[in-house]
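Participant:
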Amino acid sequence: MQNLTSSSRRKFVKTAGLTAAALNFQVVPSRVFGANDKLTLAGIGTAGKGASDISGSAGAGFQIEALVDIVNAEKYPNVSGRSKATSATRRAHPEARFYEDWRDMLEAEGDKIDAVTVSTPDHVHAHASIAAMKKGMHVYCQKPLTHGIWEARMMAKVADETGVVTQMGNQAHAQDHMRRCVELIRAGVIGDVKEIHCWTNRPIWPQAIPKWPGKEDVPKHINWDLWLGPSQEADYSSKIAPFNWRGYWDYGTGALGDMACHIMDMAYWAADLGAPTSVEAISADGKGAQSDVSPPTWATITYQFPERDGKPPVKFMWYDGYKDAIFDPEMWKLVSSKNGLPIGRIRGQENGERNLPPADVLEGQGWTEGKDGYGTVVIGSEGKMWFNRGHANWFIKPGNVFDGFDEPEQTIPRARGQNPHNEFYDAIKADDPKLALSGVWHSGSFTEMVLLGNLAVRLNKKVEWDAENLKSPNSPEADKLIKRDYRAGWELKV
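For the sequence shown, my numbering assigns the number 11 to the initial residue and increments by one for each residue that follows.
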């Protein structure tokens with residue numbers, strides 16, 4: 011095969027894409043990398059997770075060539091708070107070219123950049139990722155992979171058509187202890203999986219917001235139009251950006267979207283679940299518990315998975331939020347209805363009644379408080395497993411595995427340094443998308459499943475699910491939530 015340079019590869023992808031679209035062939039961009047070739051990368055989003063994704067990518071071996079952010083902290087140096095993180099990233103990579111608009115970066119750098127990280131708010135993930143893939147760039151995108159269910163399906167489609175390497179940023183997917191637990195469950199350490207329970211300590215931002223916050227002047231260093239991206243026109247408010255956007259349906263996906271791609275990952279992977287047939291939610295009721303603006307203060311979501319390949323059906327339950335939480339419009343925080351204090355960790359003590367699995371599921375094990383306040387219990391025909399993605403240990407009941415169980419050999423490849431950025435880099439070098447184990451070929455359908463929970467929350471009913479057609483047979487009103495309307499000029503082109 012001809013050894014393509016970055017420039018010739020871009021031209022190959024663009025030309026081949028036209029032919030493939032007409033003939034329905036798969037486009038597979040190809041570049042053979044030598045051992046000493048340096049992969050180049052652009053970071054879209056440079057603060058928060060953007061900063062750590064760029065740093066992680068540099069550590070993996072990427073050369074950082076371009077940075078993109080709607081905050082121009084160099085042009086307006088007197089910024090404060092989270093916006094200052096963009097300056098630190100730029101100082102760490104002084105040779106990288108800077109852009110405010112990722113579309114401008116893709117146009118200018120399309121023949122120079124091998125890969126991108128996409129670490130924006132959820133509502134921009136699909137647009138930036140798909141545009142990059144269509145340029146032949148490999149994509150590392152933060153979780154949740156997309157803001158909406160249809161978008162996840164389209165990302166998988168484009169990734170397949172272009173043949174690029176992808177990776178979703180649910181970091182623990184690359185860790186040895188998660189992969190070992192997947193191997194153990196698949197080998198039958200607890201028998202056939204029948205029931206799964208996952209919980210989180212989120213939200214740590216305001217939710218149950220009854221109406222949009224008041225208009226504020228846009229700070230000079232923020233390009234608010236670009237921050238909105240494909241979402242509808244809205245006034246700027248510091249109560250939305252830079253951090254609290256997860257608590258607004260237009261931009262975020264609530265506690266479920268923030269954490270389920272982490273916490274549900276091991277069990278979903280181990281049980282080979284695929285798509286559920288239905289999903290149902292019980293969520294907070296009462297004043298301001300939920301609105302068209304914001305997710306509720308707590309939710310319990312039940313996914314039902316059918317039999318598959320002789321394995322029994324699985325009930326998968328998700329728990330988030332605090333049962334006593336209410337939204338305080340004066341503090342613009344979630345507070346406890348019992349004492350009026352902010353929900354969460356206060357001076358080392360937990361404040362608020364966590365929404366957790368039943369006591370007979372937890373059995374005093376698990377992680378239920380503070381920063382470790384999340385976990386998974388997998389219930390099988392022969393026992394139970396307790397798992398936390400942040401700890402390299404797990405518990406199995408009974409303590410001794412049942413008669414006839416043989417501990418399996420390693421079957422899942424281990425990531426270099428247990429690092430998802432390393433795995434992404436190495437998969438590109440090997441020209442094999444399947445070597446990135448949280449690639450869109452896996453994380454696309456996983457994200458679809460996760461986000462179905464928000465359909466049930468928002469529709470307040472049991473939602474039956476036809477995964478093949480991305481339809482709910484009993485909920486035609488779900489269509490507008492499965493595929494949202496975009497702002498004029500921001501249509502998603504697939």
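Using N, Cα and C, we set each Cβ at its ideal position, and we do this for glycine too.
1. Report yes or no: do the segment 220-227 and the segment 305-318 share at least 3 C-beta pairs separated by less than 8 Å?
2. Would you mind sorting LYS144 into buried or exposed? The rule is 16 or more other CB atoms within 10 Å of its CB.
3. So, is THR176 buried or exposed, given that buried needs 16 or more other C-beta atoms within 10 angstroms?
4. Sort GLY267, ALA281 and ARG163 by Cα distance to GLY198 and report the nearest one.
5. When DSSP builds the beta bridges, which residues end up paired with GLU290?
6. On the three-state DSSP scale, how would you describe THR457?
7. Measuring alpha carbon to alpha carbon, tell me which of ALA402, ASN403, PRO229 and SER448 ends up nearest TYR150.
8. Look at the Cβ atom of GLY385, then the Cβ atom of TRP377, and state whether they are nearer than 7 Å.
9. Quick one: what does DSSP say VAL504 is sitting in, helix, strand or coil?
10. Classify ASP260 as buried or exposed, calling it buried when 16 or more other Cβ atoms lie within 10 Å of its own Cβ.
11. With DSSP as the reference, please indicate the residues paired to THR127 in a beta bridge.
12. Closest to GLY257 by CA distance: which of TRP215, LEU116, LYS444 and ASP63 is it?
13. How about VAL126 and ALA52: do their beta carbons lie closer than 7 Å?
14. Going straight from the alpha carbon of MET269 to that of ALA498, what length do you get?
15. State yes or no: is the C-beta of LEU49 within less than 7 Å of the C-beta of ASP121?
16. In terms of residue numbering, what span does the alpha helix (DSSP H) encompassing LEU116 cover?
17. Excluding five sequence neighbours on each side, which residues of the same chain lie with their C-beta closer than 6 Å to the C-beta of LYS94?
18. Determine which residues share a DSSP beta bridge with MET178 and list them.
19. Looking at the strands, I want to know which residues DSSP matches up with PRO322.
20. Using 10 angstroms around the beta-carbon of GLU119, count the other beta-carbons present and answer buried if the total reaches 16, otherwise exposed.
21. Under a Cβ-count criterion, where at least 16 other Cβ atoms within 10 Å of its own Cβ denotes burial, should GLU243 be classed as buried or exposed?
Facilitator: So, from the listed chains and residues:
1. Touching, no.
2. For LYS144, the number of other beta carbons within 10 angstroms of its own is at least 16, and it is reported as buried.
3. THR176 comes out buried.
4. It is ALA281 whose Cα lies nearest to the Cα of GLY198.
5. DSSP, once it has assigned bridges, lists THR312 as partnering GLU290.
6. Here THR457 carries a helix assignment [DSSP, helix/strand/coil].
7. Of the candidates ALA402, ASN403, PRO229 and SER448, the one whose C-alpha sits nearest the C-alpha of TYR150 is SER448.
8. Yes. Within cutoff.
9. VAL504 falls in the coil class under three-state DSSP.
10. Counting Cβ neighbours within 10 Å, ASP260 comes out buried, since at least 16 surround it.
11. According to DSSP, which records beta bridges pairwise, THR127 is partnered with GLY53 and TYR150.
12. Taking only the C-alpha atoms, the option nearest GLY257 is TRP215.
13. A contact, by the Cβ cut-off of 7 Å.
14. If you take the alpha carbons of MET269 and ALA498, they lie about 31 Å apart.
15. Taking 7 Å as the Cβ cut-off, LEU49 and ASP121 do not qualify as a contacting pair.
16. Counting along the chain, the alpha helix (DSSP H) containing LEU116 begins and ends at 112-119.
17. Taken in chain order, the list of residues that qualify is empty.
18. Answer is CYS151, bridged to MET178.
19. Note: PRO322 sits in no beta bridge, so no partner.
20. Per the 10 Å Cβ criterion, buried.
21. Burial call: exposed.
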